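**Student:** Per our numbering: the sequence shown ends with 275, consecutive numbering throughout.
Let me begin by handing over the structure; questions about it come next.
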Amino acid sequence: MAFGSSAEKLEVAEGSRKSSFQPTEEQQAIIDAALSGENVSVKAFAGAGKTATQIQIAEAVREKRPGSYVTYFAYTRSMADEAKGRFPGNTIVSTAHSMAFNAQIRGKQVRDIFGGNRLVMGSRIRDLRNRISDDLASDVDPVRAFFPSEFAATTAILQTLQNFLQSDGRTVLPKHASMEHALYVKEMSGVDSAHQFNRAVSEAAQKVWDRMMTDKTFPITHDVYLKAWEMDGTFSGRGLVLFDEAQDANPVMISVLRKLNAAGSQIVLVGD
4 MAFGSSAEKL EVAEGSRKSS FQPTEEQQAI IDAALSGENV SVKAFAGAGK TATQIQIAEA
64 VREKRPGSYV TYFAYTRSMA DEAKGRFPGN TIVSTAHSMA FNAQIRGKQV RDIFGGNRLV
124 MGSRIRDLRN RISDDLASDV DPVRAFFPSE FAATTAILQT LQNFLQSDGR TVLPKHASME
184 HALYVKEMSG VDSAHQFNRA VSEAAQKVWD RMMTDKTFPI THDVYLKAWE MDGTFSGRGL
244 VLFDEAQDAN PVMISVLRKL NAAGSQIVLV GD
């Protein structure tokens, strides 16, 4: 993964576990590469000591670059909670969602824009479904033509929106349409109907996204504010960024990393 013409990507294979105090030869090569200031991609097998090596990088930065700090992106909250007690004090440990929630978009705090009772998950997703059905009924109608069931129609819209939220695009497009629903329409009614469905469901999902961006009472999921930050947020001042489990990065996170790099951050990717 290249982050810009001015930064060379260094790839170092990590094959050994970290000893208690002294880095292995492979780990020292990774640390030296990170201290060079270039972007680094670390390839490691499962159980090879990826997190331990990133801790060593943070410790080396603390020693060699006094006053600078490291940002460690953990893939999940449980990973972040575990890592907080292991990294040195110069390291901010955060999930991508937490980083986004505490960032800014056009000078405004993300938490002020998207926080509070708007956030829904689990059983509360029904609140979002209900608002889509009630507030955007005319936009849902074209999707109902393919899936008369209200639940199926809103599910198709939400899955399409989710595909957009995990993309690096700025608008919902037919290519983001729910694959499961599109294949069903294709099997039942043919290719042309599937294309019509893709257009209808993507337009409906765009209307939902637009409402989420303009109506502070409209329910949202956590991926909504992450996508909003990726599109228009502030990315400067992050220092060296360690991104764990990089093999699982989706397009929206790749875009975040590119924008962090463009804003001056050094990126160290670590993954299988």
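Where is the CB? At the ideal position from N, CA and C, for every residue including glycine.
Keep in mind that this is a model prediction, so the values were computed, not measured.
1) May I ask you to list the residues that DSSP assigns as paired with D77?
2) Are the CB atoms of L245 and F76 nearer to each other than 8 Å?
3) Check whether the region 132-141 and the region 163-181 touch, using three or more Cβ-Cβ pairs below 8 Å as the test.
4) Should L186 be labelled buried (16 or more other beta-carbon atoms within 10 Å of its own) or exposed?
5) The alpha helix (DSSP H) that contains L245, what's its start and end?
6) So, Q107 versus T217, is the Cβ gap smaller than 8 Å?
7) How many Å lie between V15 and Q250 at the Cα?
8) Give me the Cα-Cα distance between E28 and M234, rounded to the nearest whole angstrom.
9) For A156 and A83, what's the separation of their Cα atoms in angstroms?
10) Are the beta-carbon atoms of V45 and V271 separated by less than 8 Å?
11) Just tell me which of N253, S239, V273 has its CA closest to the CA of G267.
12) Would you call the region 197-211 and the region 177-186 in contact, with 3 or more CB pairs under 8 Å?
13) Is it the case that the Cβ atoms of V255 and L229 are separated by a distance below 8 Å?
14) Per DSSP, what kind of secondary structure is K111 in: helix, strand or coil?
15) Would you decide whether Q25 is buried or exposed? Buried here means 16 or more other CB atoms lie within 10 Å of its CB.
16) Less than 8 Å between the beta carbons of S126 and G242, yes or no?
17) Assign T163 to one of two classes, buried (16 or more other C-beta atoms within 10 Å of its C-beta) or exposed (fewer than that).
18) Between A208, D35, D247, I34, which has its C-alpha nearest T174's C-alpha?
**Tutor:** Let me spell this out:
1) Locating residue 77 in the sequence shown gives position 74, counting from the first residue. According to the sequence provided, residue 77 is Ala. The question's Asp does not apply to it. Answer is T98, bridged to A77.
2) For the purposes of this step, residue 245 is taken as the residue at position 242 of the sequence shown. For the purposes of this step, residue 76 is taken as the residue at position 73 of the sequence shown. Cβ atoms of L245 and F76: closer than 8 Å.
3) no
4) As a working mapping, residue 186 is identified with position 183 in the sequence shown. The residue in question, L186, is exposed, as its Cβ has fewer than 16 Cβ neighbours within 10 Å.
5) Taking the first residue of the sequence shown as 1, we reach residue 245 at position 242. That residue, L245, is in no alpha helix (DSSP H); its beta strand (DSSP E) goes 243-246.
6) As a working note, residue 107 is residue 104 in the sequence shown. As a working note, residue 217 is residue 214 in the sequence shown. No, the pair does not count as a contact, with Cβ atoms beyond the cut-off.
7) Residue numbering aside, residue 15 sits at position 12 when the sequence shown is read from its first letter. Residue numbering aside, residue 250 sits at position 247 when the sequence shown is read from its first letter. The predicted model places V15 with a pLDDT of 46, which falls under 50 and marks its position as unreliable; any figure quoted below should be read in that light. Between V15 and Q250, the C-alpha separation is close to 15 Å.
8) Sequence index remark: in the sequence shown, residue 28 carries index 25 (1-based). Sequence index remark: in the sequence shown, residue 234 carries index 231 (1-based). Between E28 and M234, the C-alpha separation is close to 40 Å.
9) Position 153 of the sequence shown, counting from 1, holds the residue named residue 156. Position 80 of the sequence shown, counting from 1, holds the residue named residue 83. Straight-line Cα distance between these residues: approximately 36 Å.
10) As a working note, residue 45 is residue 42 in the sequence shown. As a working note, residue 271 is residue 268 in the sequence shown. Yes, these two residues count as a Cβ contact at 8 Å.
11) Translated into the one-based positions of the sequence shown, residue 267 becomes position 264. Per the Cα distances, S239.
12) yes
13) The residue you call residue 255 lines up with position 252 of the sequence shown. The residue you call residue 229 lines up with position 226 of the sequence shown. In this structure, L229 lies closer than 8 Å to V255 by Cβ.
14) Taking the sequence shown and counting its residues from 1, one reaches residue 111 at position 108. Correct three-state label for K111: strand.
15) The count along the sequence shown starts at 1 and reaches residue 25 at position 22. By the 10 Å Cβ count, Q25 comes out exposed.
16) Your numbering for residue 126 matches position 123 in the sequence shown. Your numbering for residue 242 matches position 239 in the sequence shown. Taking 8 Å as the Cβ cut-off, S126 and G242 do not qualify as a contacting pair.
17) The sequence position of residue 163 within the sequence shown is 160, counting from 1. T163 comes out buried.
18) Counted from its first residue, the sequence shown places residue 174 at position 171. Nearest C-alpha to T174: A208.
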